[in-house]
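Below: the structure, in structure tokens.
2 protein chains.
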Amino acid sequence: MHIELAENYGFCFGVKRAIKIAEDNKNSSTYGPLIHNSKEIARLEQDFKVGLSDDHKSFKAGDKAVIRTHGIPKNELQELKDNKVDVVDATCPYVTKPQQICQEMSEAGYDIIIFGDEAHPEIKGVKSYATYGATVVTCPKDLEDLKLKERIALVAQTTRKVEDYMEVANYLIPRHKEVRVFNTICNATFENQEAVRKISKKADVMIIIGGKNSSNTKQLFSISDDYCQNSYHIEDENDLDYGWFKDKLFCGISAGASTPDWIIQNVVNSIQENVNK
Amino acid sequence: MHIELAENYGFCFGVKRAIKIAEDNKNSSTYGPLIHNSKEIARLEQDFKVGLSDDHKSFKAGDKAVIRTHGIPKNELQELKDNKVDVVDATCPYVTKPQQICQEMSEAGYDIIIFGDEAHPEIKGVKSYATYGATVVTCPKDLEDLKLKERIALVAQTTRKVEDYMEVANYLIPRHKEVRVFNTICNATFENQEAVRKISKKADVMIIIGGKNSSNTKQLFSISDDYCQNSYHIEDENDLDYGWFKDKLFCGISAGASTPDWIIQNVVNSIQENVNK
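From first to last, the protein sequence lines are chains A and B.
Going by UniProt numbering, the first sequence opens with residue 1, and the numbers climb by one from there.
Going by UniProt numbering, the second sequence opens with residue 1, and the numbers climb by one from there.
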């Protein structure tokens, strides 16, 4: 069986940057998981003594708090600063952007629509910046019963599929005087998605590696599943079932933006050792 | 044969307003045709002595110039004012709006894309307001070779089909950081189009009445033709061919925004007299 990695996959700029920041700040703690990959977080804890707290109130004056790639709500960031916590911001710059847009557009009088997952930390953070509130939607149906202003600003979770975003834009534009559409889906997401689309069209079996709560990994799996019916989302090599590869000729592999290379390599090695012999 | 008018058709707010302005300004001249309907223009000339000049330089100080519903280029308007011509502005307010948007967005640093017909007077006028220039397109293909900025402002000719406008928006949004989509297609256009879509689905034969160079009439015909293969665009009853109605049971009728009721009535009467007996 031929094994091939997608042309683009894995760690993005924002994740690499955040890990570098964490490694440079030994004996700190992140507020919430730095990235959506528990294995990499365990590595940071073991090798760099970077802890993890799920409560921003646990940080005291002088503590060092690393802000996760997904960002945090505006008021919590302010509280940390007010409490003299030493804040080290590892928010991905591509997430800071929609936060800023929400604040500016809200204060300029636009109704803010955020396309994304209301329960995802990135979106909780982004939404908190809309001074006069924002509505989070996942599809045009969510917009049907809303009473909105004539002027709308639209932003997207950085890890979403552009086709789904366009459905929301296409619903709003004919119904409003002005829709400012901000393309806040990040390039790495876009490139990883394009690459998985390409390889899944020719693969017999597709393995998508990434955290189960990683939004961008879930989108990669959704695209892969559209083109290759034998698509599997795994966190690491322990989730592999070698029965998946029986009689298959071409195995495509991709990984989410928070999946470290060493996990990807473990998966490839495991498949090669157990299937390709 | 049953004859039925579309639920919405004919004269829009801007045309009614312009005709009222012209009627209130006897012995004036319009610069270019006030509306795209030569019969109505002939009526204004005969009954209200409202002339027509195709050259703005023909107006002298003290002359009264009525500005057509479609608007005129910014520099020509300025020239008329500089030359002390008495300017009476009958530009449709729904056309003034995209003019203003072009100027504001151009000065705010956006690249301006206008969806419409470059040769149409409305678009010549709208484009002239983009201080740093604008590009006029009719479809996504026209955008392929352009080098554009990251921030785009998009406006539409008031009389275009919203579906075609969305194709242009859908091309631009994934390729740019921000696209401000202004929905400048006017409501009357939208309502007339919806109504023609509805009636043409059930009609055996469709008659669309309006000037041959009327943009909105051409769009109505295009929609009608999508649903009813026996669709005909006529200027008045003299263009009718009664053979069109042979063995037909349901004749639908619509008319462009610049088609006066008296022409529509003449068409209906002619069909009734010549076919329904």
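The C-beta atom is built at its ideal place from N, Cα and C for all residues, glycine as well.
Quantities reported herein were computed from a predicted structural model and do not represent experimental measurements.
7 Å Cβ cut-off: residues of chain A touching residue i
i, result
"Arg-180/B", "Glu-178, Arg-180"
"Ala-42/B", "Correct list: empty, because the minimum Cβ distance to chain A is about 37 Å."
For residue i, the nearest candidate out of the options (CA to CA)
i, options, result
"Thr-69/B", "Ile-152/B, Phe-182/B, Lys-20/B", "Lys-20/B"
"Lys-149/B", "Phe-11/B, Tyr-110/B, Ser-258/B", "Tyr-110/B"
"Glu-7/B", "Asp-236/B, Gln-193/B, Ser-258/B", "Gln-193/B"
"Thr-96/A", "Glu-79/A, Ala-22/A, Asp-117/A, Val-155/A", "Val-155/A"
"Ser-254/A", "Asn-274/A, Ser-231/A, Asn-238/A, Lys-57/A", "Ser-231/A"
"Lys-202/B", "Phe-250/B, Ala-195/B, Asp-261/B", "Phe-250/B"
"Lys-212/B", "Tyr-227/B, Gln-219/B, Glu-235/B", "Glu-235/B"
"Glu-23/A", "Val-15/A, Val-50/A, Tyr-31/A", "Val-50/A"
"Gly-256/A", "Cys-186/A, Ile-208/A, Glu-4/A, Ala-18/A", "Ile-208/A"
"Asn-238/A", "Gln-219/A, Ser-258/A, Tyr-227/A, Ile-263/A", "Ile-263/A"
"Asp-63/A", "Pro-93/A, Ile-35/A, Asn-25/A", "Asn-25/A"
"Gln-219/A", "Val-196/A, Lys-16/A, Arg-17/A", "Val-196/A"
"Asp-54/A", "Ala-18/A, Pro-121/A, Arg-17/A, Cys-12/A", "Pro-121/A"
"Tyr-94/A", "Glu-273/A, Lys-147/A, Ser-128/A, Arg-17/A", "Arg-17/A"
Length of the line joining the Cα atoms of residue i and residue j
i, j, result
"Asn-266/B", "Phe-221/B", "19 Å"
"Tyr-9/B", "Leu-77/A", "57 Å"
"Trp-244/B", "Asn-37/B", "24 Å"
"Lys-248/A", "Asp-241/A", "13 Å"
"Thr-217/A", "Gly-210/A", "6 Å"
"residue 278/B", "Lys-60/A", "This structure gives no information on residue 278/B, because the portion of chain B shown stretches from 1 to 277."
"Asp-204/B", "Ile-271/B", "14 Å"
"Tyr-132/A", "Glu-107/A", "7 Å"
"Gln-99/B", "Asn-75/B", "13 Å"
"Lys-246/A", "Asp-261/A", "26 Å"
"Lys-81/B", "Ala-42/B", "27 Å"
"Asn-187/A", "Val-136/B", "28 Å"
"Leu-143/B", "Glu-178/A", "21 Å"
"Ser-58/A", "Val-85/A", "10 Å"
"Val-168/A", "Pro-140/A", "5 Å"
"residue 289/A", "Asp-226/A", "Outside the shown range of chain A, which is 1 to 277, sits residue 289/A, and nothing can be said about it."
"Ser-28/A", "Gln-46/A", "12 Å"
"Glu-4/A", "Val-275/A", "14 Å"
"Lys-198/B", "Phe-48/B", "38 Å"
"Tyr-31/A", "Leu-44/A", "14 Å"
"Cys-12/A", "Asn-83/A", "32 Å"
"Asp-117/A", "Lys-127/A", "11 Å"
"Lys-147/A", "Ser-258/A", "37 Å"
"Gly-252/B", "Ile-185/B", "24 Å"
"Ile-35/A", "His-233/A", "17 Å"
"Gln-229/B", "Glu-191/B", "22 Å"
"Asp-145/A", "Arg-151/B", "31 Å"
Anticipated Cβ contact below 8 Å, residue i with residue j, distance rounded
i, j, result
"Met-206/B", "Ser-200/B", "5 Å"
"Met-105/B", "Ile-113/B", "The Cβ separation is near 10 Å, so there is no contact."
"Met-1/A", "Asn-170/B", "So it is not a contact: roughly 39 Å between Cβ atoms."
"Gly-71/A", "Gly-125/A", "4 Å"
"Ala-153/A", "Ile-101/A", "7 Å"
Cβ pair residue i, residue j closer than 8 Å
i, j, result
"Ala-65/A", "Val-88/A", "yes"
"Ala-130/B", "Gln-103/B", "yes"
"Thr-189/B", "Thr-158/B", "yes"
"Pro-73/A", "Leu-52/A", "no"
"Asn-269/B", "Ile-173/A", "no"
"Ile-67/B", "Thr-91/B", "yes"
"Phe-115/A", "Arg-160/A", "yes"
"Glu-40/B", "His-56/B", "no"
Per-residue contacts from residue i into chain B (C-beta, under 7 Å)
i, result
"Ile-173/A", "Met-166, Ala-169, Val-181, Asn-183"
Listed by chain order, chain B residues near residue i by CB distance under 9 Å
i, result
"Val-162/A", "Ile-173, Pro-174"
Proximity test, Cβ basis, 8 Å: residue i and chain E
i, result
"Met-105/B", "Checking the listed chains, one finds no chain E in this structure; the protein chains it contains are A and B."
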